[in-house]
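Here is the structure we will look at, set down as structure tokens.
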Amino acid sequence: MHLLANLLLAIIALPAIGASLYLLTLTLLSTRLRRPPASSRELRFDVVVPAHNEVAVLPRVLGSLQRLDWPKDQYRVLVVADNCTDHTADLARSLGAVVLERRDPELRGKGYALQFAFQASRATHFATAVAVIDADAEVSANLLEAMAARMERGAQAVQSHYGVSNPLASWRTRLLSIAKASFHIVRSRARERLGLSCGIRGNGWAVTHALLEAVPYRAFSLTEDVEYGIALGLAGHRVHYADEASSNAEMVSGERDSRKQRQRWERGRFQLIRSRTTALLLAALQRRSRVCLDLGLDLLVLPVSYVVLNVGLLTAVAALMSLSQPAERPWIWASIGCWAALICYTLRGWQLSHVGPRGLLDLARAPLYLLWKVLIMLSRGERTEWTRTKREGL
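With my numbering, letter number 296 in the sequence shown gets 298, and the count goes up by one each step, no holes.
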């Protein structure tokens with residue numbers, strides 16, 4: 003009986019302890035990074051904005067891109083009006099952007115829009131690199147400088163910080179701000195410090211034309227950004243992290259639209275876990291690639307909410323078994339260590355999110371948020387095509 007109890011607890015504890023140690027290690031390595039020297043400001047960029055019926059938000063993002071601290075003749079803004087039924091293309095032209103109109107009722111999605119834009123960028127021979135900015139984002143003025151500074155020193159792919167532009171809209175957006183600070187800043191700083199890949203996060207990233215030629219863009223899943231970052235890792239390239247620059251996007255605060263958005267993200271991640279983990283771990287073993295190993299571990303470490311469920315199960319089972327078998331009490335101490343690691347990781351994310359004491363109070367809602375996410379995963383899936391997310395106040 004004692005042997006069976008230990009076996010059960012070990013099965014529950016292994017993923018919980020592994021994930022908690024992984025997150026704690028990244029937390030301890032998340033101090034601010036040193037900025038590289040300034041660039042020569044000679045690189046040329048095509049800044050790609052994929053847009054599907056985005057008339058309401060285009061003025062904000064294009065205005066933000068016009069304020070970039072970069073020579074005006076050294077970058078263009080390309081708006082991909084993808085299967086639009088509104089006046090996105092006309093508005094983008096009136097605001098000074100180069101417009102690429104794409105209509106394909108069969109091949110729909112952000113991935114196809116990006117592939118279309120990248121091919122157009124390479125065909126014109128204007129730019130050295132392409133940067134991707136979401137239609138609902140606002141960028142920091144130093145975005146292209148941060149990317150160029152790293153590219154001039156050998157980087158082929160760069161990801162800036164991807165944050166939330168409306169963190170105070172609701173408790174959901176404040177929790178998302180904390181989550182993104184944990185996932186993007188904490189993890190990315192640690193990976194950059196270790197010489198690993200921070201991955202691609204969908205908004206505020208850039209790659210050189212040379213890299214696009216070496217690793218063509220063919221990412222069309224629900225999480226096309228993460229998919230392409232993995233493809234780069236498998237090809238031997240890491241994504242560098244630009245800590246000092248940002249591209250912050252608007253997050254929905256209503257329950258209905260939040261549910262649809264979260265459902266796409268969660269399902270897309272689980273699809274990648276099934277389709278890419280084995281390839282990454284094999285590449286890590288065969289090529290002794292630390293980048294592939296970390297990308298594989300990043301997929302295996304589920305979102306923190308699921309790690310919390312795992313640790314909670316470990317705590318409950320260990321406590322129950324220790325009532326009749328005191329020898330099982332060390333498992334309780336193991337679960338307490340996991341809780342401590344998760345608390346450190348979450349509080350570091352809160353600290354870096356700058357949402358203040360109100361965000362700390364919102365963490366009390368985390369159990370309800372966790373239940374909400376579980377119900378989402380158990381509910382019926384949404385369509386996989388590109389559907390426009392409703393913006394705040396629209």
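C-beta: ideal position from N, C-alpha, C; glycine also.
(request) Pull up the DSSP beta-bridge partners for Phe47, would you. (result) Paired residue(s): Tyr77, Ala131.
(request) Return the chain-ordered list of same chain residues with a C-beta closer than 7 Å to the C-beta of Phe120, the five sequence neighbours on each side being excluded. (result) Val132, Leu214, Tyr219, listed in sequence order.
(request) Say whether chain B places a C-beta atom closer than 8 Å to the C-beta of Pro39. (result) Note that chain B does not occur in the displayed structure, where there is just one protein chain.
(message) Taking the straight line between their C-alpha atoms, what separation do you get for Thr317 and Ala336?
(response) C-alpha separation (whole angstroms): 9 Å.
(request) Check whether the Cβ atoms of Arg350 and Ser22 lie closer than 8 Å to each other. (result) It is not a contact, given that the beta carbons lie outside the stated cut-off.
(request) Mark Ala251 as exposed unless 16 or more other C-beta atoms lie within 10 angstroms of its C-beta, in which case mark it buried. (result) The residue in question, Ala251, is buried, as its Cβ has 16 or more Cβ neighbours within 10 Å.
(message) Can you look up Leu9 in the DSSP assignment and give me helix, strand or coil?
(response) Leu9: helix per DSSP, three-state reduction.
(message) Give me, in chain order, the residues of the same chain whose beta-carbon lies closer than 8 Å to that of Gly98; leave out the 5 immediate sequence neighbours on both sides.
(response) Cβ-Cβ distances below 8 Å link Gly98 to Leu64, Gln68, Val79 in the same chain, with the five nearest sequence neighbours on each side left out; the list follows chain order.
(message) Count Cβ pairs between the stretch 107 to 125 and the stretch 38 to 45 that sit closer than 8 Å; are there 3 or more?
(response) Fewer than three beta-carbon pairs drawn from the stretch 107 to 125 and the stretch 38 to 45 are found closer than 8 Å, and the two stretches are therefore not classed as touching.
(request) Keeping to the same chain, check which residues put their C-beta closer than 7 Å to that of Ser291; ignore five residues upstream and five downstream. (result) Within the same chain, Cβ atoms closer than 7 Å to the Cβ of Ser291 are found at Ala285, the five residues on either side in sequence being excluded.
(request) In the DSSP assignment, find the beta strand (DSSP E) that holds Leu189 and state where it starts and stops. (result) In the sequence on display, residue 189 carries Arg and not Leu. Counting along the chain, no beta strand (DSSP E) covers Arg189; the unbroken alpha helix (DSSP H) around it starts and ends at 189 to 195.
(message) Between the alpha carbons of Asp84 and Asp106, how many angstroms are there, rounded?
(response) C-alpha separation (whole angstroms): 8 Å.
(request) For Arg276, count neighbouring Cβ atoms within 10 angstroms of its own Cβ and tell me buried if that reaches 16, exposed if not. (result) Counting every other CB atom within 10 Å of its CB across the protein chains shown gives Arg276 a total below 16, marking it as exposed.
(message) Please report the straight-line C-alpha distance between Ser223 and Phe47, rounded to a whole angstrom.
(response) If I take the Cα positions, the gap works out to 26 Å.
(request) Following the continuous beta strand (DSSP E) through Gln327, name the residue where it begins and the one where it ends. (result) Neither: Gln327 is in no beta strand (DSSP E) and is coded neither H nor E.
(message) Please give the ranges of any alpha helix (DSSP H) in the stretch 178 to 245, keeping only runs that are unbroken, at least 4 residues long and fully inside the region.
(response) Listed in chain order, they are 189 to 195, 211 to 216, 226 to 236.
(request) For the beta strand (DSSP E) containing Leu93, list its first residue and its last residue. (result) Taken as a continuous stretch (DSSP letters only), Leu93 belongs to no beta strand (DSSP E), being part of the alpha helix (DSSP H) at 90 to 96.
(message) Tell me the DSSP secondary structure of Arg393 in three-state form.
(response) Because Arg393 carries a pLDDT of 49, less than 50, the predicted location of this residue cannot be relied on, and the following value inherits that uncertainty. Residue state, collapsed to three classes: coil.
(message) Here's the rule: buried if 16 or more other CB atoms are within 10 angstroms of the residue's CB, otherwise exposed. What is Lys74?
(response) With a 10 Å radius around the Cβ and a threshold of 16 neighbouring Cβ atoms, Lys74 comes out exposed.
(message) Let's test the definition: count the other Cβ atoms within 10 Å of the Cβ of Leu178 and tell me whether it reaches 16, buried, or not, exposed.
(response) It is buried - the Cβ of Leu178 has at least 16 other Cβ atoms within 10 Å.
(request) Kindly examine the ligand MN and report whether one of its heavy atoms sits closer than 7 Å to the Cβ of Ile345. (result) The ligand MN is absent from the structure shown, which contains no ligands of any kind.
(message) As a quick exercise: from Met253, Ser248, Arg124, Val209, pick the residue whose alpha carbon is nearest that of Ala171.
(response) Nearest C-alpha to Ala171: Met253.
(request) Leaving aside the five residues before and after Tyr24 along the sequence, list all residues of the same chain whose C-beta is less than 6 Å from its C-beta, in chain order. (result) Val303, listed in sequence order.
(request) Please report the residue range of the alpha helix (DSSP H) in which Val141 lies. (result) No alpha helix (DSSP H) holds Val141; the beta strand (DSSP E) holding it covers 139 to 141.
(request) Can you tell me the Cβ-Cβ gap for Leu26 and Ala343, rounded? I've got them flagged as a contact below 8 Å. (result) That pair is a contact at about 4 Å.
(request) Could you tell me which residues DSSP pairs with Val82 in its beta bridges? (result) Paired residues: Pro52, Leu102.
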